[in-house]
Amino acid sequence: MTSRTTVLGKAIRHALIVGTATIALPAFAQDGAPTTLDRIEITGSRIRQVDVENANPVLAISRTDIERQGFSSVADILQNVTAMGSPAISRANVLSAGENAGGTYIDMRNLGAQRTLVLINGKRLGISTSGYQDVSSLPVSAVERVEVLKDGASAIYGSDAMSGVVNIITRHNVTGVTANVYHGQYSQGDGARDRFDVVAGWSNDRGSITLSAEHTEEKAVWAKDRAFSAYGNTDRHPTEAWTTVSQYGQITGLKGPGCAGASCSYSLNRGSDPLNPANYHITNASAPDGDVSNTNEQMHLNYPLKRDSLFVDGRLNITDNVRFSTQLGYNKRDSSRQVAGYPLQSSTPGIGPMSINSYFNPFGSQHNYATPTAVAWNHRTWEVPRVSDSSLKTYRAVAAFDGSFNIGERYFDWEVGYQYNKNELRQHATGNLHKERVKNAVGPSYLNAATGKVECGTATAPIANCMVWNPLVAAGVTDPYGLTGNQALIDYLMPAEDSSGKTVGKNFFATIAGSLLTLPAGDLGFAFGVENRKETGEFIPDALAQTGATTNLAAGPTGGGYKVKEAYVEFNAPLLADLPGAKELSLNAATRFSDYDTFGNTLNSKFGFKWRPIDQLLVRGTWAEGFRAPTISDLYGGGSETFTTGYADPCDTVYGPSRTSAEVRARCARDIANADTYRQLKQGNVPITSSTDQTPVPFVNGSNPNLQPETSKSKTLGLVWSPSFIQNFNVSLDWWKIRIDNTIVADTPNQILIDCYEQGITARCAQFTRDPALGIVNKLTYGNRNAGFLETEGYDMELAYRLDTDTYGKFSTTWSTTYVSSNIYRSTNDTKVVPTPTNGIATNATVGFRVRSNLTLGWDLGDFGISWTARYYSGVKEQCLNVVTHPDECSDPGVRAPWFSGARNYNERGSTTFHDVQFRYNLPWDATVAVGANNVFEKYGPNMYTKPNSVFSYYGGYDIGRFVYMKYQQRF
Numbered sequence: 001m002t003s004r005t006t007v008l009g010k011a012i013r014h015a016l017i018v019g020t021a022t023i024a025l026p027a028f029a030q031d032g033a034p035t036t037l038d039r040i041e042i043t044g045s046r047i048r049q050v051d052v053e054n055a056n057p058v059l060a061i062s063r064t065d066i067e068r069q070g071f072s073s074v075a076d077i078l079q080n081v082t083a084m085g086s087p088a089i090s091r092a093n094v095l096s097a098g099e100n101a102g103g104t105y106i107d108m109r110n111l112g113a114q115r116t117l118v119l120i121n122g123k124r125l126g127i128s129t130s131g132y133q134d135v136s137s138l139p140v141s142a143v144e145r146v147e148v149l150k151d152g153a154s155a156i157y158g159s160d161a162m163s164g165v166v167n168i169i170t171r172h173n174v175t176g177v178t179a180n181v182y183h184g185q186y187s188q189g190d191g192a193r194d195r196f197d198v199v200a201g202w203s204n205d206r207g208s209i210t211l212s213a214e215h216t217e218e219k220a221v222w223a224k225d226r227a228f229s230a231y232g233n234t235d236r237h238p239t240e241a242w243t244t245v246s247q248y249g250q251i252t253g254l255k256g257p258g259c260a261g262a263s264c265s266y267s268l269n270r271g272s273d274p275l276n277p278a279n280y281h282i283t284n285a286s287a288p289d290g291d292v293s294n295t296n297e298q299m300h301l302n303y304p305l306k307r308d309s310l311f312v313d314g315r316l317n318i319t320d321n322v323r324f325s326t327q328l329g330y331n332k333r334d335s336s337r338q339v340a341g342y343p344l345q346s347s348t349p350g351i352g353p354m355s356i357n358s359y360f361n362p363f364g365s366q367h368n369y370a371t372p373t374a375v376a377w378n379h380r381t382w383e384v385p386r387v388s389d390s391s392l393k394t395y396r397a398v399a400a401f402d403g404s405f406n407i408g409e410r411y412f413d414w415e416v417g418y419q420y421n422k423n424e425l426r427q428h429a430t431g432n433l434h435k436e437r438v439k440n441a442v443g444p445s446y447l448n449a450a451t452g453k454v455e456c457g458t459a460t461a462p463i464a465n466c467m468v469w470n471p472l473v474a475a476g477v478t479d480p481y482g483l484t485g486n487q488a489l490i491d492y493l494m495p496a497e498d499s500s501g502k503t504v505g506k507n508f509f510a511t512i513a514g515s516l517l518t519l520p521a522g523d524l525g526f527a528f529g530v531e532n533r534k535e536t537g538e539f540i541p542d543a544l545a546q547t548g549a550t551t552n553l554a555a556g557p558t559g560g561g562y563k564v565k566e567a568y569v570e571f572n573a574p575l576l577a578d579l580p581g582a583k584e585l586s587l588n589a590a591t592r593f594s595d596y597d598t599f600g601n602t603l604n605s606k607f608g609f610k611w612r613p614i615d616q617l618l619v620r621g622t623w624a625e626g627f628r629a630p631t632i633s634d635l636y637g638g639g640s641e642t643f644t645t646g647y648a649d650p651c652d653t654v655y656g657p658s659r660t661s662a663e664v665r666a667r668c669a670r671d672i673a674n675a676d677t678y679r680q681l682k683q684g685n686v687p688i689t690s691s692t693d694q695t696p697v698p699f700v701n702g703s704n705p706n707l708q709p710e711t712s713k714s715k716t717l718g719l720v721w722s723p724s725f726i727q728n729f730n731v732s733l734d735w736w737k738i739r740i741d742n743t744i745v746a747d748t749p750n751q752i753l754i755d756c757y758e759q760g761i762t763a764r765c766a767q768f769t770r771d772p773a774l775g776i777v778n779k780l781t782y783g784n785r786n787a788g789f790l791e792t793e794g795y796d797m798e799l800a801y802r803l804d805t806d807t808y809g810k811f812s813t814t815w816s817t818t819y820v821s822s823n824i825y826r827s828t829n830d831t832k833v834v835p836t837p838t839n840g841i842a843t844n845a846t847v848g849f850r851v852r853s854n855l856t857l858g859w860d861l862g863d864f865g866i867s868w869t870a871r872y873y874s875g876v877k878e879q880c881l882n883v884v885t886h887p888d889e890c891s892d893p894g895v896r897a898p899w900f901s902g903a904r905n906y907n908e909r910g911s912t913t914f915h916d917v918q919f920r921y922n923l924p925w926d927a928t929v930a931v932g933a934n935n936v937f938e939k940y941g942p943n944m945y946t947k948p949n950s951v952f953s954y955y956g957g958y959d960i961g962r963f964v965y966m967k968y969q970q971r972f
């Protein structure tokens, strides 16, 4: 077998064109080439080879790089790669529900976390029923390096590898014991993070075993403790976005004392008798001293979590050419999310008004009110915030035999094995109310003279097994019929709910790779493999949630699975070598056939080339097809209710396009009687005060068993330059473009209404109904569908340089930049609809940063070292909070564009740069201590009222303060 090395190959061999924010390239340029090299498999190819540079743009994060960062999890490290998009489910999005809440997921190119494939040692990480792969399930102490393939690779790895692949390589052949202690917290004194881990290993010529054990704990950060999240519209507008569905209780829709209109809302005078109708005043909706709540006071900004992990890597050389290997992993993740008490309203289906014969109705029949009546009411259960505890156990096992053999001078590598993944989920939710019990609790009741207690029903027809409740008693007031301090009543009205989930993945795999024949420029390499994979899963909500008996979001059970049989082949052909203008020219081709028992079969191919006109310059490019199969949840998911956040009704005459578009107004008039004055309502059925808000009624999200796979085409073209006249210098520039068709659209209420009223797609109007009196959308069902496309394009630039001096130590710099030139989508197959751009725009769903850039400077002198990193996010624009009341926060009013009707008001949000620093020192007793600060200058990003990846007016991926940490490592 022939092998070739070049100047560029030596440079890339250990660096793999590195470019993350903190890579210091400790092995970037060793003196001379290694004398003996094992054939290795690089992410993006199944062919093992000596030279590691190939046609694919691959980024590597080494163990040293990981240790020189101040982040404590694999997810945090990966999220700071510039090619990564907005986090799919950020910890600032505490309202997220379902099986994926509490996990961390990676989204490359802002194309969705389900389109980024995560591998561990080249094998798939386990998935949830909705196809999410939780990267927090692997201990950071077990990681040797991370390779990020910034290109599609379905021909190599199968489904989901559309935007890229993250391959986490674990440690093996470790000798000795290493213990680490990590502690850090924000400068506000909260959000403490502690990590303790031990890595122990033993190895000899016959085998090795490596064990990694880790415990991580992250404390909570409360929304009230940051200026940007203390109030609904930040501390810049501290009196806005409060709600009258408050802890004080309220009577609504009553023509009572002092009411000048058709009806009014009433609240109890503080500290007075709730049974006396004279003790009520017309509700004061002003903040902060009125009868209102700031829900952010009870909410997590970052919820707490714990992780306990164990990972074992074992390898046994059975013969010189046959080896048995196994990887065993266990991870337990516990998280707890708190949001404000439930905004309970009598208009909630299944509850109803306070009875005219309720003892607690001050305007009812029992307290001498002149015109007794039943009353509508509301009460936010401030006494018992809603808490959702999530516990996920992950099991992983891989067992394989691998080896090599030769026929003549040709080497062949083979592997046969089995992989097993299992996720077990348990969720425990408290703070939601049993609707039937609430209905009875505010229904007819009477004062039992014999017991001196208020009881359900009437004196002649008491209701057994019922407890009464007075929702007009404010939180914090001790009353035998209020919730404060009344655990028995809390237990009765708020039963706990327990949900469970499980996914199991099984995969038999076999592969063989080697060389077929010798071409003039080298060996024709090949790889052939087969896989037989089965995925099953279920998510079973609590029985109360399934029946809709509580105020929790109703959801049906999810259950199902699929099987897939696959075969793939890959070839690497060196065509030219050592010729003028062609020091090297090689082509790579791969194809994979996948047969699913759900939708049928699909064939996906990939082609790449590598051309080196001179030793110092590499030109590379790829063209790839990809696909993403529908997930278990896509196909078999049960419907679930959700109060949509960031909801915008186009028919709103203040913020919607109906305000400026006659065409939209006319379409709205078909469904709304008062279209000329219609206002979108938020919680409490009051008009919205910003461009988006939460829906006052829940919508239903379901599944679609007829979905087909998404398909994609990706292209890359790049240059890598490693000049011989600048030692230890390397720079690369890659262009990339990805288009995904037949997208499985996570349909949204906003998009349905946009398609109906702005785009005029009549079929979409049938997916919802409106309340005939209020005009609001009162029923909407949406589910995934195949429609439209996504397309994004841009450039990645990576630069690395290291300077070694005898006197002043070693200096290093790395600079990584991703520039997104275009990112558009269309969620319908109607070609008349103009695609919508998301680049440079912030919405509730995501942030389309045009530029993300990381620059790291390093200096090592003897046992001392320092690293400095700058992380840059470009500016974006978002829709204005309110052009009328806050014109100073609306830089671009009246913007018109072909992809939306009417005019929109936009506000420019500036760029942000966070700075990190670390100081480290190697101690004489074989230990290292490091201290540092992420976001050392305590920089905060701009307010973003569209709440991207968050429920607060701040991007969920930004730093939330200065984080100071210390790490100690002891080697034995």
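Residue numbers (my numbering): 1 to 972.
All C-beta atoms in this analysis are idealised placements derived from N, C-alpha and C, irrespective of residue type, glycine included.
- In terms of CA proximity to G131, I106 leads the group G152, I106, Y420, A897.
- In this structure, the straight-line span from the alpha carbon of V312 to that of T210 is close to 6 Å.
- Going by beta carbons, Y795 and Y819 fall inside the 9 Å limit.
- In the structure shown, T814 adopts extended strand secondary structure according to DSSP, grouped into three states.
- Taking a 10 Å sphere around the C-beta of M299, we find 16 or more other C-beta atoms and assign the residue as buried.
- Uninterrupted alpha helix (DSSP H) stretches at least 4 residues long and entirely within the region 100-175 occur at 154-157, given in chain order.
- Per DSSP, reduced to three states, the secondary structure at A429 is strand.
- Taking C-beta separations shorter than 7 Å and ignoring five residues to either side along the sequence, the partners of L753 in its chain run D649, P650, following chain order.
- R48 and G102 have their alpha carbons spaced roughly 38 Å apart.
- Per the C-alpha coordinates, the member of A842, R852, T869, H915 positioned closest to C880 is A842.
- A distance below 6 Å between beta-carbons, with the five flanking residues on each side excluded, links Y968 to the following residues of its chain, in chain order: V181, V929.
- For the alpha helix (DSSP H) assignment, the uninterrupted runs of no fewer than 4 residues enclosed by the region 468-514 are, from N- to C-terminal side, 487-493.
- In summary, Q487 is exposed, with fewer than 16 beta-carbon neighbours lying within 10 Å of its beta-carbon over all protein chains present.
- CA-to-CA, the gap between L519 and R592 works out to about 25 Å.
- Cβ-Cβ distances below 6 Å link K939 to F914 in the same chain, with the five nearest sequence neighbours on each side left out; the list follows chain order.
- Beta-bridge partners assigned by DSSP to T178: V199, R971.
- Following the DSSP letters along the chain, one finds C456 in no alpha helix (DSSP H) but inside the beta strand (DSSP E) bounded by residues 453-456.
- Counting the other CB atoms within 10 Å of its CB gives V876 a total of 16 or more, which places it among the buried residues.
- A Cβ-Cβ contact shorter than 9 Å links R333 with S137.
- For S633, the three-state secondary structure derived from DSSP is helix.
- Counted as a single uninterrupted DSSP element, the alpha helix (DSSP H) harbouring E436 occupies residues 435-441.
- Three or more Cβ pairs drawn from the region 616-630 and the region 699-714 lie within less than 8 Å of each other, which places the two stretches in contact.
- With contact defined as three or more Cβ pairs closer than 8 Å, the region 377-396 and the region 343-356 are in contact.
- Within 10 angstroms of the beta-carbon of I318 lie fewer than 16 other beta-carbons, which makes it exposed.
- With a cutoff of 9 Å on beta-carbon distance, T244 and V686 are scored as near each other.
- Here V94 is near L301, since their CB atoms are less than 9 Å apart.
- Contact holds between the region 531-540 and the region 489-503, because three or more Cβ pairs, one in each stretch, are under 8 Å apart.
- Rounded to the nearest angstrom, the gap between the Cα atoms of G443 and R962 is 52 Å.
- If you check the CB distance, R46 and G85 do not come in under 9 Å.
- About 37 Å separates the CB atoms of G560 and N588; that is not less than 8 Å, and the two are not in contact.
- For A513, the closest of V569, R124, G548 by C-alpha to C-alpha distance is V569.
- Proximity of the region 58-78 to the region 140-150 meets the contact definition, three or more beta-carbon pairs being nearer than 8 Å.
- Around T792, the same chain offers R109, I738, N823 as residues with beta carbons nearer than 6 Å, after the five sequence neighbours per side are excluded.
- Taking 9 Å as the cut-off, the beta carbon of Y231 is found closer than this to the beta carbon of E240.
- For N943 against S953, the beta-carbon gap comes to about 5 Å, under 8 Å, which counts as contact.
- Residue pairing by DSSP puts R386 in a beta bridge opposite V339.
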